Structure formats: C-alpha cells, structure tokens
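This report concerns only the one structure given below.
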Amino acid sequence: MWQPETFDPETIARELQWAAKIGMNSVRVFLHDLVWQVDAEGFKSRIETFLQLADAVGIRTLFVLFDDCWFPPRVGQQLEPVPGVHNSRWAQSPGHAVVRDPAQWPRLERYVCDIIGAFGGDKRVYVWDL
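Okay, here's the thing in structure tokens:
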C-alpha cells in the first residue's frame with residue numbers, strides 16, 4: 059500500500075468513505091520500515107495524504123509501526139493476495155532476521171524517531187501502536 063507504485067489515493071478515499079458511512083470513526087493502519095528505508099520523504103508524503111483522506115471523512119488513525127506476523131518482508135512488487143485467505147501476503151515489519159540483529163536496531167530507532175517526529179503531535183493520529 060505504501061510504495062509509490064501501489065499507493066492508490068482513489069481507492070483509499072473510497073474505502074474510507076465506506077468506513078465512515080457504516081459509522082467507523084477510526085482505522086488501524088500498518089506502516090512498514092522498509093518503505094521508509096527506501097524513500098523516507100516519499101513515505102511520509104503518502105502518510106500525509108492518507109491522513110488528509112481519513113480526516114476528510116471524520117476518521118482518525120491508529121498507526122502500527124511494527125508487526126512481525128506472517129511472511130518475511132521485501133521491497134518491490136509484492137505477490138498477489140490469495141482470494142478468500144485472511145492476510146495471505148502480510149509482510150512482517152521489520153522481520154524476524156532484523157529483530158535478531160542488533161546491528162540493525164539503530165536503523166529502526168531512526169525510523170521510529172522520524173515517523174513519530176513527523177506525526178507525533180498530529181491530531182489526526184489518535185494513538186500509536188509501537
């Protein structure tokens with residue numbers, strides 16, 4: 059969702075509108091450290107766009123910075139989802155190999171500090187899942 063080639067504001071806006079119409083006032087949204095690592099400024103710009111779209115329909119956001127469930131992560135083209143299978147292509151962030159490698163922890167700290175630094179005081183974000 060967050061890579062430039064797959065970020066789709068039109069679809070995001072439509073789905074947020076659907077959410078608002080059924081009474082949702084918040085959404086839980088997963089971020090990914092690898093997208094930040096490849097293009098931090100572009101990633102933050104896409105987060106800003108997402109927040110604008112959500113705010114336009116009265117929805118606040120809970121951002122998740124790390125989630126190490128399912129499959130090892132990779133940058134670039136992702137596999138197509140398996141129809142009817144929940145989280146069929148979910149990518150870990152940062153991934154088990156990174157979690158076990160203390161040499162990579164400073165990169166994760168920079169990621170957290172940059173994202174929280176950019177959006178930590180933003181009223182459109184109501185909570186952070188660290």
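Under the working numbering, the first residue of the sequence shown carries the number 59, and numbering increases by one thereafter. Glycine included, C-beta positions come from ideal geometry on N, C-alpha and C. Since the structure is predicted, the reported quantities are computational estimates derived from the model, not experimental observations.
Other residues of its chain near residue i: CB distance less than 6 Å, five sequence neighbours each side excluded
{"i": "Val122", "result": "Phe88 and Asp187"}
{"i": "Tyr169", "result": "Asp91 and Trp94"}
{"i": "Phe177", "result": "Val183"}
{"i": "Val133", "result": "Leu92 and Val96"}
Residue from the options with nearest C-alpha to residue i
{"i": "Asp66", "options": "Leu111, Trp76, Arg182 and Gly153", "result": "Leu111"}
{"i": "Asp125", "options": "Val140, Gln75, His90 and Tyr169", "result": "His90"}
Cβ shell of residue i (< 8 Å), same chain only, five flanking positions each side left out
{"i": "Asn83", "result": "Gly116, Ile117 and Arg118"}
{"i": "Tyr184", "result": "Ser84, Arg118, Thr119 and Leu120"}
{"i": "Pro62", "result": "Asp97, Gly100 and Arg104"}
{"i": "Thr75", "result": "According to the sequence shown, residue 75 is Gln rather than Thr. So the list reads Val115, once near-sequence residues are dropped."}
Distance between residue j and residue i (C-alpha atoms, nearest Å)
{"i": "Asn145", "j": "Gly179", "result": "31 Å"}
{"i": "Met59", "j": "Asp97", "result": "14 Å"}
{"i": "Ala114", "j": "Ile70", "result": "12 Å"}
{"i": "Cys171", "j": "Gly153", "result": "19 Å"}
{"i": "Phe108", "j": "Glu73", "result": "12 Å"}
{"i": "Ser151", "j": "Pro160", "result": "15 Å"}
{"i": "Ala77", "j": "Arg165", "result": "34 Å"}
{"i": "Ile80", "j": "Arg86", "result": "16 Å"}
{"i": "Glu167", "j": "Ala155", "result": "16 Å"}
7 Å Cβ shell around residue i - same chain, five flanking residues per side excluded
{"i": "Gln157", "result": "Sequence check: residue 157 is Val here, not Gln. Closer than 7 Å at the Cβ level, and outside the excluded window around Val157, lie Asp126."}
For this session: Kindly provide the ranges of any beta strand (DSSP E) runs that are 3 or more residues long and lie completely inside the region 83-143, ordered along the chain.
Result: Taking only runs of at least 3 residues, the beta strand (DSSP E) segments lying wholly in the region 83-143 are 84-88 and 118-122.
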